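So the structure is just underneath, and the comments pick up after that.
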Ligand SMILES: Nc1ncnc2c1ncn2[C@@H]1O[C@H](COP(=O)(O)OP(=O)(O)O)[C@@H](O)[C@H]1O
Ligand SMILES: [Mg+2]
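Numbering (the UniProt record's numbering), first residue to last: 1 to 288.
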């Protein structure tokens, strides 16, 4: 905790402090000396063109990658680069590509997310002793609470692979919340969602913040980000280009240039937009 100069005195101690995080893959520097703090009660956005290093940065925060340089601290304690220890410390995440247990029920998926918070060991679970049964009942109650919270309670017994896409993304969030995180990292939570699903996700993120969990969210959908976030950091080619309130970032010319200069390959909706444009062009031709 040496670099406290940028923190305002009025703010509470950060839940997350990333300092000088650098990640190199061979000759490629995917993330270059990125500093980022997230404070309790905050929703912070991380944006940037495709390939900017956003997911790699998340992977450095959550112990999936060992950063080449820099360190990551949760509530002032430097985290060991091991995913289960990071989760145990209090950081949970969802992935850019959905990772659910397709053949488990909705409830079971949340219970899996719960296991870092239960003391019962493997043998106790296998032998199903009284300690296990008590812990299991408590876990189940907490998991059901989270399903209520995310609006999935009615589908607790459905196989997760049978859920519509938007609900699968919600279930991922419910599972992440099951570890009772102080910080939740969301990697493109609205990718592929329709406008209603995106709105619902926005409300869910606000509700999560209101329960006391800080949120760091990667997203391409600018309206979503600027509506939602107290603060936004912009990554371009691995470096933090700008950081500030939604208003400041939105009107920063460097951010606009970075986006206009780099098309979003694979951006959700891009294909549909192209299809609509093509259809409109055809209609115009037909009409003449
Ligand atoms: N495991 C990896 N090995 C090598 N290069 C990688 C790896 N992961 C990501 N990269 C590269 O790092 C850069 C940043 O990727 P990524 O973090 O996925 O960007 P974003 O999430 O912002 O779209 C890209 O050039 C990507 O190809
Ligand atoms: Mg990504």
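Backbone N, C-alpha and C define an ideal beta-carbon position, used for all residues, glycine too. Since we're looking at a predicted model, the values are computed, not measured.
- Query: With which residues is residue 61 paired in a DSSP beta bridge?
  - Reply: None, per the DSSP bridge assignment.
- Item | Sub-7 angstroms separation of residue 211 and residue 184 beta-carbons | no
- Below 8 angstroms, can you find three or more Cβ-Cβ pairs linking the stretch 27-34 to the stretch 44-64? yes
- Message: Checking 7 angstroms against the spacing of the C-beta atoms, do residue 234 and residue 48 come in under that value?
- Response: yes
- Item | Residue(s) in a DSSP beta bridge with residue 93 | 185
- Task: Under 7 angstroms from any heavy atom of ligand 2, by CB: list those residues in chain order, please.
- Result: 54, 55, 96, 187, 188 and 218
- Between the stretch 173-192 and the stretch 17-25, do three or more beta carbon pairs fall short of 8 angstroms? no
- Message: What does the Cβ neighbour count give for residue 265, buried or exposed, with the cut at 16 atoms within 10 Å?
- Response: For residue 265, the pLDDT reaches just 46, beneath the cut-off of 50, and the residue's location in the model is therefore unreliable, leaving the point undetermined.
- Mind checking residue 74: buried by the 16 CB within 10 Å criterion, or exposed? buried
- Going by the CB atoms, is the gap between residue 101 and residue 187 shorter than 7 angstroms? no
- Pick out whichever of 224, 16, 42 and 139 has its Cα sitting closest to the Cα of residue 230. 42
- Query: Given a threshold of 16 other Cβ atoms within 10 Å of its Cβ, counted over all protein chains shown, does residue 17 qualify as buried or as exposed?
  - Reply: buried
- Whole beta strand (DSSP E) runs in the stretch 20-57 with 3 or more residues, listed along the chain? 28-38 and 43-47
- Run the CB neighbour count on residue 20, radius 10 Å, all protein chains shown included, and call it buried at 16 or more, exposed below. exposed
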